[in-house]
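Comments concern the structure below.
Protein chains: 2
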Amino acid sequence: MKDALSPIFAALADPTRRAILASLTHGDATVAELARPFAMSQPAISKHLRVLEAAGLISRSRVATARYSHLEAAGLQKASEWMTAYQRY
Amino acid sequence: MKDALSPIFAALADPTRRAILASLTHGDATVAELARPFAMSQPAISKHLRVLEAAGLISRSRVATARYSHLEAAGLQKASEWMTAYQRY
Numbered sequence: 013m014k015d016a017l018s019p020i021f022a023a024l025a026d027p028t029r030r031a032i033l034a035s036l037t038h039g040d041a042t043v044a045e046l047a048r049p050f051a052m053s054q055p056a057i058s059k060h061l062r063v064l065e066a067a068g069l070i071s072r073s074r075v076a077t078a079r080y081s082h083l084e085a086a087g088l089q090k091a092s093e094w095m096t097a098y099q100r101y
Numbered sequence: 013m014k015d016a017l018s019p020i021f022a023a024l025a026d027p028t029r030r031a032i033l034a035s036l037t038h039g040d041a042t043v044a045e046l047a048r049p050f051a052m053s054q055p056a057i058s059k060h061l062r063v064l065e066a067a068g069l070i071s072r073s074r075v076a077t078a079r080y081s082h083l084e085a086a087g088l089q090k091a092s093e094w095m096t097a098y099q100r101y
């Protein structure tokens, strides 16, 4: 069974990764820009970005030497749809 | 910071635990009842139930010798609200 939901929920199970997604709602950002509000090194942020990318929650593109992260809301949508089914209980 | 969301998302990051929550929408159930559809031992199911209980997604009560699990939808609601904020992006 292809389970797309588990990596999405696992990626969301971390406050730094959720904060990164929140930052990206304001627009695409580099690792340096994303690292700024956190007491965290750029390699640590990069590691979180790889988890988010593997879950399909962000995509990354390179512009000259900068690497931009972009929020991919479709993954959140999928997880949200799963949860919506249980809200009436 | 008290982070209630991370254990909720972590608990949801497993297909068996999501299936257990789906089963509980049909009503409270014992470990034996919950284990039946899975190729899994009752201790393995009990372990999943402890994760769900710690995340606040289920509660458990004892009736005579049986221990019943009950879906607590408020936790899902909390996670769902977090995600709803990102759906428009």
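Note that the protein sequences, when read in sequence, are chains A and B. For the first sequence, this note's numbering gives the first residue as 13, with consecutive numbering after it. For the second sequence, this note's numbering gives the first residue as 13, with consecutive numbering after it. From the three backbone atoms N, C-alpha and C, an ideal C-beta is built for every residue, glycine too.
Using a threshold of 7 Å, is the CB atom of leucine 33(A) nearer than that to any non-hydrogen atom of the ligand FAD? Absence of the ligand FAD from the depicted structure is noted, as is the absence of any ligand whatsoever, leaving it without description.
What's the call for alanine 43(B), buried or exposed, on a 16-neighbour Cβ count within 10 Å? To locate residue 43(B), count along the second sequence from 1; it is residue 31. Just to set this straight, residue 43(B) is valine in the shown sequence, not alanine. The residue in question, valine 43(B), is buried, as its Cβ has 16 or more Cβ neighbours within 10 Å.
For histidine 38(A), which of helix, strand or coil comes out of DSSP? Counting from one through the first sequence, the residue named residue 38(A) turns up at place 26. In the structure shown, histidine 38(A) sits in coil (DSSP, three-state: anything other than H, G, I, E or B).
Are the beta-carbon atoms belonging to lysine 25(B) and alanine 25(A) less than 8 Å from one another? For this step, residue 25(B) is matched to residue 13 along the second sequence. For this step, residue 25(A) is matched to residue 13 along the first sequence. It should be noted that the sequence gives alanine, not lysine, for residue 25(B). It is a contact, given that the beta carbons lie within the stated cut-off.
If the criterion is Cβ atoms closer than 8 Å, does the pair serine 92(A) and serine 18(B) meet it? In the first sequence, residue 92(A) corresponds to position 80, counting from 1. In the second sequence, residue 18(B) corresponds to position 6, counting from 1. No, the Cβ-Cβ distance between serine 92(A) and serine 18(B) is not below 8 Å.
Chain A partners of phenylalanine 50(B), CB-CB under 9 Å? What you label residue 50(B) is simply residue 38 of the second sequence in a count that begins at 1. Residues of chain A passing the Cβ test: none, with the nearest at roughly 13 Å.
May I ask which residues mark the beginning and end of the alpha helix (DSSP H) holding alanine 44(A)? Reading the first sequence from its first residue, position 32 is the one you call residue 44(A). 43-47 is the span of the alpha helix (DSSP H), which, as asked, contains alanine 44(A).
Determine, for proline 55(B), whether the minimum Cβ-Cβ distance to residues of chain A falls below 8 Å. As a working note, residue 55(B) is residue 43 in the second sequence. No Cβ of chain A is located within less than 8 Å of the beta carbon of proline 55(B).
Checking contacts by CB at 8 Å: is valine 63(A) closer than that to chain B? Numbered from its first residue, the first sequence carries residue 63(A) at position 51. Nearest CB-CB separation between valine 63(A) and chain B: not below the 8 Å threshold.
Establish whether the CB of tyrosine 98(B) and some CB of chain A are separated by less than 8 Å. Position 86 of the second sequence holds residue 98(B). Judged by the 8 Å Cβ criterion, tyrosine 98(B) is in contact with chain A.
Interface positions of the stretch 25-37 of chain A facing chain B (Cβ-Cβ less than 9 Å), listed along the chain: For the stretch 25-37 of chain A, the beta-carbon criterion of a distance under 9 Å to any beta-carbon of chain B is satisfied by Ala25, Asp26, Pro27, Arg30, Leu33, Ala34, Leu36, Thr37.
Would you say glutamate 45(B) faces chain A, with C-beta separation under 8 Å as the test? Here residue 45(B) corresponds to residue number 33 of the second sequence, with the count starting at 1. Answer no: the Cβ-Cβ gap between glutamate 45(B) and chain A never drops below 8 Å.
In whole angstroms, give me the CA-to-CA distance for glutamate 45(B) and threonine 28(B). To locate residue 45(B), count along the second sequence from 1; it is residue 33. To locate residue 28(B), count along the second sequence from 1; it is residue 16. Between glutamate 45(B) and threonine 28(B), the C-alpha separation is close to 14 Å.
Suppose the cutoff is 7 Å on Cβ atoms and the five residues either side in sequence are ignored; what does the same chain contact list for lysine 90(B) look like? Here residue 90(B) corresponds to residue number 78 of the second sequence, with the count starting at 1. Correct list, in chain order: Ala16, Leu17, Ile20.
Take valine 63(A) and list the residues in its own chain whose beta-carbon comes closer than 6 Å to its own, dropping the five residues that flank it on each side. As a working mapping, residue 63(A) is identified with position 51 in the first sequence. The residues Ala23, in chain order, have a CB closer than 6 Å to that of valine 63(A) in the same chain once the five nearest residues on each side in sequence are set aside.
Considering Cα atoms alone, identify which of Ile57(A), Gly68(A), Met52(A) is closest to glycine 87(A). Here residue 87(A) refers to the residue found at position 75 when the first sequence is read from its first residue. In terms of CA proximity to glycine 87(A), Gly68(A) leads the group Ile57(A), Gly68(A), Met52(A).
Per DSSP, which one or two residues make a beta bridge with leucine 69(A)? By one-based count along the first sequence, residue 69(A) stands at place 57. In the DSSP assignment, leucine 69(A) is bridged to no other residue.
May I have the straight-line CA-CA distance separating leucine 61(A) from isoleucine 70(A), to the nearest angstrom? Indexing the first sequence from 1 puts residue 61(A) at position 49. Indexing the first sequence from 1 puts residue 70(A) at position 58. One C-alpha to the other measures close to 8 Å.
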